[in-house]
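S.K.: Letter by letter, the sequence shown follows residues 80 to 461 in my numbering.
Glycine included, every Cβ here is placed at the ideal spot set by N, Cα and C.
Since the structure is predicted, the reported quantities are computational estimates derived from the model, not experimental observations.
Dumping the structure here so I can ask a few things about it.
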Amino acid sequence: MTYLYKSARLHTWIYMVLYHGDHVTSSTGYTIQKCILPLVIITAQIVEIASFVILENQSSQYQSFFCPYSSIRQIHIHHKIPWNTVSSHFAFIKDNRIPKNDLIIHDRLADRQSAEFNHFTRTLISTIEEFSTTERAKYPHPTALPTSGPLYDSSILPAIEEKYQLGPHDTNSVVSNPLCKEFQDFDYWINEALYSPSPGYSADAVKMLVISGEMLALLRLANHKKALLEDLIHLGCGHSFGVEHVADVALEIYMLLNIAASVKANAKPGSVNATGYLTETRPFGRFVGWGLGDFDYPAQNIPHRLFWNAKGIHDDFSSWDPLSLQSDDERREMKEYLKMCFELLYRYDLLMREIGRDPEWNERILGLLHIISCIMINGHIH
């Protein structure tokens, strides 16, 4: 246990050297200067490797002692995305004007065109595109795609209903399967998809094809000149309900969780950053309102409701903290959820590029960062 204690202490020293001046003196009188910081970091890394080996054979209480934010560090499934770069410009703060649910996420980024901010955006986009390209390579060239037969196998209908706890196709609701046997017929997509009483049903069907990973069906639609799939991307009548929202909801919660996790992982002990619950913030409340809601043509919300409703989060704030997970099962479930969110992003990217449309990631990312930082009561924006 000596190694565990020293490793934790070295990390604390490094943090203090970086953020609290040229040196720091410990309670036992040891001092670390900035000039020897590289040596300290190397030493810490060596000791940390050794301590992780020890941890494999130690009880869970020692794991918690050594790495209290282990669940947060494990939340990032794509480590090359510079979450720390963008999260350094955000903080949890208390808005004392509001007696309840007074946590907001404060944006400290003055220059949205800064080099590091552009680096984050480019890296996130390139990662999505990389996975999209890999996924596309699994399927035939457009000229070799099937030209006849059902768009998808009917066996996926009960499988979707069982997985997402849905009833059979009935109304445009988050409790009904957006897919049905009618949508299997390719002629439907040529003759009726855009001309039925509401094309929202067709848009929801496409969303569920994305969610369930039916990429071959989507590629067939995207490459058929008469299917006009691109006309379902942006739809609205009173509110927007196009296919694009399958990406919007996934991107919002994916970014919110990862940014908040980085803020918390780098927080000073006892600070609001360290103690604040993401689920008590207004940005998360916004996500709950539209990302878990049941309204016209909400198929994009179905996989998110499955995850969050199981945690007791339905349509209100909650004290459950997704960034302080206490069990291996919780950490595994969160990692699987984030993986699912990212899958929706690169599947959407694949679909957009297949129909020759720009997925507009840059605009979406910038817009969501603004939303995360600027949801304030009385229109107050930091």
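With DSSP collapsed to three states, give me the class of residue 444.
M.R.: Residue state, collapsed to three classes: helix.
S.K.: For residue 391, count neighbouring Cβ atoms within 10 angstroms of its own Cβ and tell me buried if that reaches 16, exposed if not.
M.R.: Exposed, by the Cβ-count rule.
S.K.: Out of curiosity, what's the CA-to-CA distance linking residue 426 and residue 434?
M.R.: Those two C-alpha atoms are separated by around 13 Å.
S.K.: For residue 226, which residues of its own chain have a beta-carbon under 6 Å away from its beta-carbon, when the five flanking residues on both sides are left out?
M.R.: No residues qualify anywhere along the chain.
S.K.: Assign residue 318 to buried or exposed, taking buried as 16 or more other Cβ atoms, counted over all protein chains shown, within 10 Å of its Cβ.
M.R.: The residue in question, residue 318, is exposed, as its Cβ has fewer than 16 Cβ neighbours within 10 Å.
S.K.: Output the distance between the C-alpha atoms of residue 353 and residue 285, rounded to the nearest integer angstrom.
M.R.: Their backbone Cα atoms lie some 40 Å apart in a straight line.
S.K.: Count the C-beta pairs between the segment 265-274 and the segment 231-247 that are closer than 8 Å, then say yes if the count reaches three, no if not.
M.R.: Touching, no.
S.K.: Are the CB atoms of residue 429 and residue 201 nearer to each other than 8 Å?
M.R.: Contact flag unset, no.
S.K.: Does DSSP classify residue 70 as helix, strand or coil?
M.R.: This structure leaves residue 70 out entirely; the chain is present only between 80 and 461.
S.K.: Near residue 398, which residues of its chain fall below 8 Å by C-beta distance, leaving aside the five closest residues on each side in sequence?
M.R.: 356, 358 and 359.
S.K.: Given this structure, state the Cα-to-Cα distance separating residue 447 from residue 292, to the nearest angstrom.
M.R.: Roughly 25 Å between the two C-alpha positions.
S.K.: Can you tell me whether residue 287 is buried or exposed, with buried defined as 16 or more other CB within 10 angstroms of its CB?
M.R.: When all chains shown are included, residue 287 counts as buried.
S.K.: With 16 as the cutoff for other CB atoms within 10 Å, does residue 340 come out buried or exposed?
M.R.: Counting Cβ neighbours within 10 Å, residue 340 comes out buried, since at least 16 surround it.
S.K.: How many Å lie between residue 229 and residue 385 at the Cα?
M.R.: Their Cα atoms are separated by approximately 28 Å.
S.K.: Leaving out five residues before and five after residue 299 in sequence, what residues of the same chain have Cβ atoms less than 7 Å from its Cβ?
M.R.: Around residue 299: 224, 225 and 230.
S.K.: How far does the alpha helix (DSSP H) with residue 172 in it reach, from first residue to last?
M.R.: Where residue 172 is concerned, there is no enclosing alpha helix (DSSP H), although the beta strand (DSSP E) it sits in stretches over 169-173.
S.K.: Would you decide whether residue 282 is buried or exposed? Buried here means 16 or more other CB atoms lie within 10 Å of its CB.
M.R.: Result: buried.
S.K.: Please name the residue or residues paired with residue 246 in a DSSP beta bridge.
M.R.: In DSSP, residue 246 forms a bridge with 255.
S.K.: Nearest-angstrom Cα distance between residue 383 and residue 222?
M.R.: So the two alpha carbons sit approximately 35 Å from each other.
S.K.: Please report the straight-line C-alpha distance between residue 255 and residue 220, rounded to a whole angstrom.
M.R.: Taking the straight line joining both Cα atoms gives about 34 Å.
S.K.: Given residue 207, which residues of its chain have a CB within under 7 Å of its CB, disregarding the five upstream and five downstream residues?
M.R.: Closer than 7 Å at Cβ, skipping near neighbours: 424, 425, 428 and 440.
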